[in-house]
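Heads up: the structure comes next, in structure tokens.
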Amino acid sequence: MGKDNLGRFFLGLSPDSKRFAYCIADFIRYENAHGRKVRIRPRNFDPSEALESVPASSGVLRPSDPPFVVHSTTLVAYEKIMQDGQLKSTSRLRNEGKTQHAVGFLPLGEPPDYLDYVMLGNGVACEVVVNSHLHGKPCFKLNAPYEPQARMYFDAHKIIKDGLAVRDGTHIFKVYGALPLEGYLLRTVFAGDVELPDGAAHWTPLLFAEAADELFHRETGISV
129 MGKDNLGRFF LGLSPDSKRF AYCIADFIRY ENAHGRKVRI RPRNFDPSEA
179 LESVPASSGV LRPSDPPFVV HSTTLVAYEK IMQDGQLKST SRLRNEGKTQ
229 HAVGFLPLGE PPDYLDYVML GNGVACEVVV NSHLHGKPCF KLNAPYEPQA
279 RMYFDAHKII KDGLAVRDGT HIFKVYGALP LEGYLLRTVF AGDVELPDGA
329 AHWTPLLFAE AADELFHRET GISV
């Protein structure tokens, strides 16, 4: 996702992805619900099949839903999160008078309402976001030098079943306003919990994400 040459927010999808129909339906519904029209290319593609086959309810588990989702953050922010007992959206933090920079928000051209949500994902993307915060600007290189911070694992299925998950087509899902830690946080992995792989000179977003996921799977038995 990002900006096109006219500055419009867009989502690019591969028809080969197992989440293709879900992403199409979620993106259209979310954008329409926020008063935005969606233009689809190629123009001869008909999204009606995806809309008919994908349940509109956010509280329904899907075959493509992973058992866990991740929210990575800086160590400084992690301490505040633990004090608050919850993850808070950028908008919520700003309303509380706390400085919160949304690095990458403008470059990606995301709609303003995205700031109202706590974003949850998986894989290396979560570490790329943190590395961007550490650099103070977007840094999308997966193998860039990186100082691992805090990688937080949450129970995805419980969040969905409890009706907290909001699907926008661009993320696995997100949560409006704030997400309590109690009952949802499964584990947090730090740099000190994992060893730098043999032959690696330094951590990168990709290496840390892989090492942390492997540790999480080994400790919990939850598939990665």
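End of the sequence shown = 352 in the numbering used here, gap-free, step of one. Each residue gets a CB set at the ideal place from its N, CA and C atoms; glycine is no exception.
- Note: S186 is not bridge-paired with any residue in the DSSP secondary-structure output.
- In the displayed model, V317 falls within a strand according to three-state DSSP.
- Take the alpha-carbon of E323 and the one of R279: they are about 15 Å apart.
- A Cβ-Cβ distance of about 6 Å is found for the pair P195 and S351, placing them in contact under the 8 Å criterion.
- Note on geometry: alpha-carbon atoms of V252 and E180 lie some 32 Å from one another.
- Classified as buried, G297 has 16 or more neighbouring CB atoms from the shown chains inside 10 Å of its CB.
- Taking K286 as the centre and dropping the five residues before and after it, the same chain places the C-beta of G311, Y312 closer than 8 Å to its C-beta, in chain order.
- Proximity to L335 across A149, Q277, P266 peaks at Q277, based on C-alpha coordinates.
- The segment 211–222 and the segment 161–169 do not touch, with fewer than three beta-carbon pairs separated by less than 8 Å.
- Short of 8 Å from the beta carbon of V197, and not among the five residues preceding or following it, lie these beta carbons of its own chain, in chain order: L248, G249, N250, Y281, F282, A284, I287, I300, F301.
- With a cutoff of 8 Å on beta-carbon distance, S200 and V246 are scored as not near each other.
- Here L248 is bridged, per DSSP, to F301.
- Beta-bridge partners of H345 (DSSP): none assigned.
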